[in-house]
Structure formats: structure tokens, C-alpha cells
Amino acid sequence: MEKLNFIKVHVEQHVFNLTLARSDKRNAFSPTMVNEIAYALNLANSNPDIRLVQIEAEGPVFCPGMDLKAFEDPTVDIGNPAIPKVEKSLAEIFACLNKPSICVVRGDVIAGGFLIALSCTYLFALPHVRFSLPEVKIGLFPFQVLALLMEYMPERKAMDLCIRGDSFAAGDALDKGILSGILDVEETALVELRETILKNAPLAISRGFVALRRLKEQDYDDKYNFLLESLADLRKTNDFKEGMDAMRNKRKANWKNS
């Protein structure tokens with residue numbers, strides 16, 4: 034892979050691991066860093082050997098959102114000519130992922146850092162992690178984060194978080210429906226989830242993400258017809274045949290992703 038300045042990536046056993054690595058700036062987004070993340074996620078999404086994306090961060094803070102200096106003054110940003118410009122926004126890239134993603138936060142999530150954390154299929158945190166949306170304290174509002182919060186909670190509660198701007202603990206985030214779980218020392222829940230995802234049919238899961246996007250766009254009749262068509266198409270795949278045969282013969286399925 035081309036040289037990346039602000040993130041680290043490596044692939045291990047069908048898992049695409051992406052680490053935010055701008056810890057000297059608390060992993061704040063610069064335009065180049067955003068482009069590197071989008072570029073890496075595009076690669077992961079287009080690689081059929083990748084079944085899962087996991088995102089973490091170096092340092093004591095997961096991410097505080099935008100590096101305002103870098104966005105206001107382009108000369109502050111350090112470009113990366115080794116990779117092409119990704120035309121889609123980071124939000125669009127996450128929305129187009131056709132495979133599960135897990136975000137693991139071991140440091141505080143602040144402001145725009147929620148954009149990555151909430152865009153993933155699963156979100157885990159260590160017990161000490163705190164979450165905060167302080168934008169209103171400096172005359173801003175977390176508009177994009179609000180849209181994501183509304184996927185996890187009623188709009189009144191989502192607005193309350195944005196209006197108050199207070200920080201809250203991982204336990205509160207779990208109660209609010211933001212977190213998938215709080216990790217213990219052995220990170221048992223994370224290990225078990227990864228194992229579960231990797232043993233299931235990748236093509237079926239991928240089709241599920243496509244269906245989810247379509248369901249958000251269609252009315253009831255179109256949704257129903259689309260789901261019937263999707264099920265019929267999936268039953269024609271090699272993975273469905275393999276899954277049925279494995280079940281009948283009580284053996285582990287050997288997925289072909291086709």
C-alpha cells in the first residue's frame with residue numbers, strides 16, 4: 034500500500050485494521066488525514082478477501098474531530114501526493130461499506146470524533162473512556178453527529194446531548210444505546226464478535242448492507258419487493274449451497290464469497 038502519513042493499516046486473517054496515528058495532535062482530522070482514511074476504507078471495501086474492518090487510535094484521545102487550523106489554513110496541512118484524492122466524503126465512504134466495521138475506543142471521543150465512532154457497525158469502549166459534544170460551548174453545533182445519533186436514540190434525546198454539550202461516561206453511552214459494549218481487560222466481547230463475524234458467510238453479510246441502504250431510501254411496497262428479490266438472488270449463490278450442505282453434514286462451512 035502507498036505511504037500513509039496519519040494512519041496505519043494492516044491486514045490479518047481477513048480483518049482490515051486501521052489505526053488513527055496522529056497522536057501528537059490528539060488524532061484531530063486534517064484534510065489529508067480524512068483523505069487517507071477514505072482511501073484506505075475504499076481499498077478495504079473493494080477487496081473481497083477483507084471481511085471485517087476494525088478502527089482504533091493511538092494515544093490517550095481517540096479523536097476530537099477536525100483540526101480547525103488545518104482546515105482554515107491549507108498551508109498548515111501536510112499533503113500526501115502518494116495517494117489520489119477521494120471525491121466522496123468520509124460519511125459517504127462509511128455509508129457505502131459493504132462489510133461490518135468495529136470501532137474500538139481506548140481514549141476519549143470528542144466532537145467530530147463521533148463521526149467515525151458512530152459510523153461503524155459496532156462500537157466498543159474501555160470503562161474509563163468519556164464522550165462529549167462541546168461544540169455549543171464555542172458557538173458551533175454538531176450537525177453531522179446529530180444525524181448519526183438519531184439512528185441510535187429518539188430525536189429528543191439526541192438533541193439533548195447536543196444542546197447540553199456535557200461529557201458522559203462509557204456506562205452512560207451504553208445506556209443511551211451508543212455503545213455495543215464495554216470491554217474488560219481481556220477484551221472478550223471484541224474477540225468473540227470478531228470470531229463470530231469471520232465464521233459467517235461474507236457474501237450474505239455484504240448483501241445485507243446493500244439491502245440496509247436501499248431500505249432507508251424506499252417506501253413500503255418497494256422495500257417488500259426488493260427484499261423478496263434479494264432473498265431469491267442470495268439463494269442462487271455458491272455460499273448458500275455451501276451453507277446448506279455444511280449444515281446437513283454437520284461440518285464447518287468453507288465460504289467462497291460467491
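In our numbering, the protein residues as written are 34 to 291.
Every residue, glycine too, gets a C-beta built ideally from N, C-alpha and C.
- For the pair Asn68 and Phe201, the Cα-to-Cα distance works out to about 30 Å.
- Membership of Ile88 in the beta strand (DSSP E) is indicated by the continuous run 85-90.
- The continuous alpha helix (DSSP H) containing Ala103 extends over residues 101-105.
- In the assembly as shown, Lys132 is a buried residue. Its beta-carbon has 16 or more other beta-carbons within 10 Å.
- Contact between Leu123 and Leu148 holds, since their C-beta atoms are separated by about 7 Å, short of 8 Å.
- With contacts defined by Cβ atoms closer than 8 Å, Asn60 and Leu53 form a contacting pair.
- For the set Ser63, Gln87, Leu182, the Cα lying nearest the Cα of Ile196 is the one of Leu182.
- Of the candidates Ala144, Lys41, Leu260, Trp288, Ala144 places its Cα closest to the Cα of Val169.
- For Ala180, the enclosing alpha helix (DSSP H) begins and ends at 176-182.
- With respect to the 8 Å criterion, Asn290 and Asp272 are classified as neighbours on the basis of their beta carbons.
- In chain order, Ile83, Arg84, Leu85, Val86, Gln87, Arg227, Leu231 place their CB closer than 8 Å to the CB of Val48, counting only its own chain and leaving out the 5 sequence neighbours on each side.
- An exposed status is given to Met280, since fewer than 16 other beta-carbon atoms sit within 10 Å of its beta-carbon.
- For Lys41, the enclosing beta strand (DSSP E) covers residues 40-45.
- In this structure Ala237 is in contact with Leu267, their Cβ atoms being roughly 6 Å apart against a cut-off of 8 Å.
- Note on geometry: alpha-carbon atoms of Thr65 and Arg240 lie some 31 Å from one another.
- Within a 10 Å sphere around the beta-carbon of Arg284 sit fewer than 16 other beta-carbons, which makes this residue exposed.
- Our two residues, Ile116 and Glu35, have alpha carbons roughly 7 Å apart in a direct line.
- Per DSSP, reduced to three states, the secondary structure at Cys195 is helical.
- In the DSSP assignment, Ser152 falls within the alpha helix (DSSP H) that extends over 146-152.
- For Ser134, the enclosing beta strand (DSSP E) has its first and last residue at 134-138.
- Considering only Ser165, Val119, Arg163, the residue with the shortest C-alpha distance to Leu74 is Val119.
- Ile126 sits in a helix when the DSSP states are folded into three classes.
- One alpha carbon belongs to Leu166, the other to Gln177, and they sit about 12 Å apart.
- In terms of Cα proximity to Leu151, the closest of Asp199, Ser56, Phe95 is Phe95.
- Taking 8 Å as the cut-off, the Cβ atoms of Ser63 and Ala90 do not count as close.
- C-alpha of Ala128 to C-alpha of Leu248: approximately 13 Å in a straight line.
- Looking at the backbone, the Cα of Arg246 and that of Leu156 are separated by about 19 Å.
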